[in-house]
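Numbering (our numbering), first residue to last: 342 to 974.
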């Protein structure tokens with residue numbers, strides 16, 4: 342029967358795409374927040390319960406409580422609201438499976454894997470306990486394992502303040518297989534009840550089965566009250582004594598003998614891990630219980646507390662069969678042997694809900710494989726996940742989408758959850774992002790950051806040029822073309838103008854002593870470098886012979902000016918020009934690298950040089966002026 346909420350938009354904001362889980366009080370959907378364009382999980386209370394103020398209050402309490410728990414191992418709650426008969430929570434979407442799915446598929450886990458799951462669970466609960474809250478319904482169904490390996494605790498719907506949970510006189514709310522003895526007998530629920538439940542979960546991970554089992558919920562309750570949880574090594578020989586001790590400590594029937602909260606139990610778990618060798622951590626357990634099915638004891642229910650140690654005539658508001666004590670001689674009681682037809686239907690409904698409820702279930706059935714949920718994954722991640730499941734990629738389609746980030750999977754054919762042949766293939770539909778993309782306002786953003794933002798929004802970084810700016814820091818964006826706010830098709834190139842900083846006029850420093858020139862340039866915010874080799878120049882040794890950025894040029898603050906240091910002029914031989922014609926003598930001296938001055942008498946008809954100021958054969962500095970004298974009368 343088609344779900345009436347799939348395809349609907351709740352509260353003018355949350356578009357429901359698919360149902361991913363169904364429980365006794367609510368159904369969980371995968372949805373898209375159309376305002377923020379993100380995928381999330383929407384937990385919607387069954388309309389039949391929304392008229393019950395107690396259930397609505399519990400729903401709202403979940404939102405308020407979990408919203409206060411900012412912890413990486415707690416499923417975040419974003420929003421809570423109502424739309425007509427629907428009361429909902431908007432929560433973080435975790436693509437993956439539950440611990441129940443893992444146990445159903447694999448049975449007992451290696452000790453290393455069990456501790457790898459237990460420790461983040463305890464970290465999440467420890468944060469809740471230290472914030473003043475207890476979970477009250479810890480079980481494998483409420484431990485989510487993401488496709489990226491992250492472990493998160495979900496469903497704080499039964500959470501209540503530690504201060505307000507002391508002793509109730511009505512009923513116990515929780516799941517039978519994981520209830521602490523004091524929770525059943527006296528209605529006392531504090532952080533140690535969560536510790537007990539975690540101990541039971543650890544036992545189940547190590548052995549593949551629950552420590553207390555029975556034909557009825559009442560028999561399980563009786564064992565909680567009167568029997569200790571057995572050591573895991575009794576079911577799986579070879580398990581370390583440190584693990585037995587950890588389970589025994591967490592599941593002590595006397596709550597005073599347990600660690601006082603999950604944070605304390607986390608410390609003990611880490612100590613136990615440290616005691617185990619790699620061989621003990623990686624021991625492969627038997628898989629006899631791999632396909633154990635969930636039973637009525639796995640569901641959260643409201644159970645009247647026993648008024649005596651013998652749990653006779655207990656009934657559950659959510660479980661139809663009577664909760665009877667164990668029958669004599671190990672035989673099942675008549676009510677347990679002949680459950681009502683309505684109960685059978687209810688149990689079948691629970692099993693069906695569990696079968697379809699997780700969205701991503703890593704269990705193969707015969708020659709068929711379930712298509713993993715790939716929505717929101719990158720194409721590379723989707724291909725890898727399909728390959729890991731033994732499936733191929735039939736093809737890739739690309740479409741525009743306002744809801745899915747560019748480059749991520751927005752649809753698959755067949756859809757996630759559908760079973761196909763083990764060697765089958767899946768068509769991926771990859772989002773191209775919105776059909777029209779608004780150019781982001783990048784002014785003032787560093788260049789690398791601006792390029793990343795353009796790519797993320799579906800545009801392409803284009804030509805980068807530089808310009809001076811009085812108000813934009815060097816290396817940051819001054820403007821773009823198209824400008825921020827303008828809309829373009831995806832993959833449009835956006836030209837970027839980057840600031841060179843404020844302009845600095847460069848002064849002329851050639852001829853100045855090097856240190857003086859350096860101080861002058863650095864005082865203007867420029868950097869100074871020295872050329873690796875000195876050169877001959879007309880200026881004195883140690884002065885600046887050349888500067889890489891010419892005088893009067895505009896540079897940016899922080900630009901580098903390279904100064905070349907003079908080692909003085911070259912010393913050149915002076916040729917003999919005495920007796921030469923004055924014009925010939927000038928050409929000879931200038932060709933040798935000197936300047937020439939002619940000294941003529943006031944009255945002279947001769948053009949012959951009879952003297953020169955530097956004697957022939959001597960050396961003189963290149964560029965030196967040599968005076969030649971012409972004969973007189």
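Virtual Cβ for every residue (Gly too), placed ideally from N, Cα, C.
Only a predicted model underlies this, so the values are computations on that prediction, with no experimental measurement involved.
Sub-8 Å separation of residue i and residue j beta-carbons
i, j, result
"residue 422", "residue 352", "yes"
"residue 895", "residue 809", "yes"
"residue 479", "residue 535", "yes"
"residue 880", "residue 907", "yes"
"residue 596", "residue 566", "no"
"residue 518", "residue 577", "no"
"residue 435", "residue 487", "yes"
"residue 935", "residue 904", "no"
"residue 467", "residue 591", "no"
"residue 886", "residue 849", "no"
"residue 835", "residue 801", "yes"
"residue 388", "residue 624", "no"
"residue 326", "residue 778", "Only positions 342 to 974 of the chain appear in the structure, and residue 326 is not among them; the question remains open."
"residue 461", "residue 527", "no"
"residue 757", "residue 715", "yes"
Close-in-space but distant-in-sequence residues of the same chain around residue i (CB under 7 Å, 5 per side omitted)
i, result
"residue 432", "381, 382, 384, 416, 417, 418, 419"
"residue 583", "613, 616, 617"
"residue 918", "926, 929, 930, 950, 953, 969"
"residue 730", "710, 713"
"residue 632", "For residue 632, the pLDDT reaches just 41, beneath the cut-off of 50, and the residue's location in the model is therefore unreliable, although a value from the coordinates is still provided. Cβ within range, chain order: 445."
"residue 410", "468, 469, 472"
"residue 854", "883, 884"
"residue 348", "357"
"residue 723", "715, 750, 769"
Integer-rounded CB distance, given that residue j should sit under 8 Å from residue i
i, j, result
"residue 818", "residue 759", "No, residue 818 and residue 759 are not in contact; Cβ-Cβ is about 46 Å, not under 8 Å."
"residue 717", "residue 767", "Contact flag wrong, Cβ pair sits at about 15 Å."
"residue 788", "residue 805", "7 Å"
"residue 355", "residue 391", "Incorrect: roughly 16 Å between the Cβ atoms, too far for contact."
"residue 539", "residue 463", "6 Å"
"residue 573", "residue 598", "Contact doesn't hold; Cβ gap of about 18 Å is too wide."
"residue 741", "residue 776", "4 Å"
"residue 774", "residue 831", "6 Å"
DSSP beta-bridge partners of residue i
i, result
"residue 751", "Its beta-bridge partners do not exist; DSSP assigns none."
"residue 370", "360, 383"
"residue 539", "The partner list for residue 539 (beta bridge, DSSP) is empty, contrary to what the question assumes."
"residue 903", "870"
"residue 617", "Looking at the DSSP assignment, residue 617 forms no beta bridge with any residue, so it has no partner."
"residue 740", "772"
"residue 734", "767"
"residue 967", "937"
"residue 351", "355"
"residue 493", "485"
"residue 719", "749"
Chain D within 8 Å of residue i, Cβ atoms only
i, result
"residue 489", "Of the protein chains in this structure there is only one, and it is not chain D."
Contact set for residue i: own chain, Cβ-Cβ below 6 Å, skip 5 residues either direction
i, result
"residue 738", "770"
"residue 968", "938, 940, 954"
"residue 327", "The shown model of the chain, from 342 to 974, leaves out residue 327, and the question about it has no answer."
"residue 507", "Per-residue confidence for residue 507 stands at a pLDDT of 35, beneath the threshold of 50, marking its modelled position as unreliable; no derived number is given."
"residue 824", "none"
"residue 308", "Limits of the chain in this structure are 342 at one end and 974 at the other, which puts residue 308 out of reach."
"residue 346", "357"
"residue 844", "809, 895"
"residue 755", "712, 761"
"residue 396", "390"
"residue 872", "903, 905"
"residue 344", "360"
"residue 309", "There is no way to answer for residue 309, as the model of the chain reaches only from 342 to 974."
"residue 963", "910, 911, 913, 934"
Neighbourhood of residue i by C-beta distance below 8 Å, restricted to the same chain and skipping five residues each side
i, result
"residue 916", "929, 930, 933, 957"
"residue 459", "539, 542, 543, 546, 610"
"residue 456", "610, 613, 614, 622"
"residue 585", "572, 573, 574"
"residue 386", "366, 367, 396, 397, 400, 427, 428, 429"
"residue 570", "540, 541, 544, 552, 553, 588, 589, 592"
At 3 residues or longer, and completely inside the segment 842-899: list those beta strand (DSSP E) runs for me, N to C.
844-846, 868-871, 885-888, 895-897
Could you name each continuous alpha helix (DSSP H) segment of 4 residues or more that falls completely within the segment 771-840, going from the start of the chain to the end?
788-797
Please go through the segment 418-474 and give each complete alpha helix (DSSP H) segment of 4 or more residues, from N-terminal end onward.
440-447, 452-471
Identify every run of the alpha helix (DSSP H) within the segment 537-601, keeping only runs that are complete inside it and at least 4 residues long; order them along the chain.
558-567, 573-576, 582-591
Quick one: complete beta strand (DSSP E) runs, 3+ long, within the segment 903-962?
912-914, 936-940, 950-953, 960-962
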